[in-house]
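Step one of this worksheet: look at the structure below.
Listed below in structure tokens is the structure:
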């Protein structure tokens, strides 16, 4: 996973498999960068993800709580159709300040 | 009752690093039936959810063992039983409701919902203080080598 920042947009390029085990590391890294940079937009880019279970949904929901508090937009990008379907089971597509790209 | 034509059993320590190992092993077993990519992904996702439940809820991050018993039944039906000897579930119906979770903000509460979405059937048997068995079944459209 790599994290980049550009003009107030913090992007976490997630890679590999996301499960309960790997999500813990991703969560810590994204949260540390989020606190450090206070972005106006946080992008979770799933295009490098090869497998995801509902831990990926938990990762997004957990970050949403933080972005909402900071009036920051959460962008979920690069999701496969399958993973997008799983993400939508949580109702995230109806939440304010969440965008699917 | 459908007859088993192939099976395997294994057990692993309830460490989160074993989540990927468990779904990979079940995936390799399922691959013997030439599943579609989607069927394989569905099965691995459902297994990952059930194994994670054993670790997070059954054993509550304490050491224990997870027992996996997989069988290919007549008619290309895969049946995977995932069992723990952890704390069990007081109210199975409530635990299976979408978005219900007792594990805090970082869990989506979608584990059983995902299992139900990606398998033909999900059966849960649980006894408080004794443990939980989740039985997943999924029909594979490919052809198995007899």
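Chains as they are written, first to last, in the working numbering: chain C, 4 to 104; chain V, 410 to 555. Ideal Cβ positions, reconstructed from N, Cα and C, are used throughout, including at glycine. All values reported here derive from a predicted model rather than from experimental measurement.
Tell me the residue span of the alpha helix (DSSP H) that contains residue 540(V).
Segment 540 to 548 is the beta strand (DSSP E) holding residue 540(V); no alpha helix (DSSP H) there.
Assuming residue 17(C) contacts residue 29(C) (C-beta within less than 8 Å), just tell me the rounded distance between them.
6 Å
CA-CA distance, residue 441(V) and residue 473(V)?
30 Å
Partners in chain V for residue 78(C), counting only beta-carbon separations shorter than 9 Å
Simply none; closest approach about 18 Å.
Alpha carbon of residue 499(V) to alpha carbon of residue 511(V), nearest angstrom:
12 Å
Can you tell me where the beta strand (DSSP E) holding residue 510(V) begins and where it ends?
Premise fails: residue 510(V) is in no beta strand (DSSP E) and is neither H nor E.
Could you check whether residue 481(V) and residue 412(V) sit closer than 8 Å to each other, using their CB atoms as the reference points?
No, the Cβ-Cβ distance between residue 412(V) and residue 481(V) is not below 8 Å.
Cβ shell of residue 542(V) (< 7 Å), same chain only, five flanking positions each side left out
Take residue 542(V), set aside five residues on each side of it, and the residues of its chain with a beta-carbon closer than 7 Å to its own are 490, 492, 534, in chain order.
Evaluate the contact criterion for the region 48 to 56 of chain C versus the region 452 to 469 of chain V: three or more CB pairs, one atom per stretch, below 8 Å.
yes
Please classify residue 62(C) as buried or exposed, where buried requires at least 16 neighbouring CB atoms within 10 angstroms.
buried
Compute the beta-carbon to beta-carbon distance between residue 497(V) and residue 537(V), rounded to the nearest angstrom, for a pair I have assumed lies under 8 Å.
4 Å
Below 8 Å on the Cβ atoms is my contact criterion, and I expect residue 22(C) with residue 58(C) to pass it. Report the Cβ-Cβ distance as a whole number of Å.
5 Å
Quick one: is residue 422(V) buried, meaning 16 or more other Cβ sit within 10 Å of its Cβ, or exposed?
exposed
Can you tell me whether residue 479(V) is buried or exposed? The criterion is at least 16 other CB atoms within 10 Å of its CB, across all chains shown.
buried
First through last residue of the beta strand (DSSP E) which encompasses residue 375(V):
The shown model of chain V, from 410 to 555, leaves out residue 375(V), and the question about it has no answer.
Can you list, in chain order, the residues of its chain with a C-beta nearer than 8 Å to that of residue 449(V)? Leave out the 5 residues immediately preceding and following it.
Sequence-distant Cβ neighbours of residue 449(V) in its own chain, meaning closer than 8 Å and more than five residues away, are 436, 439, 440.
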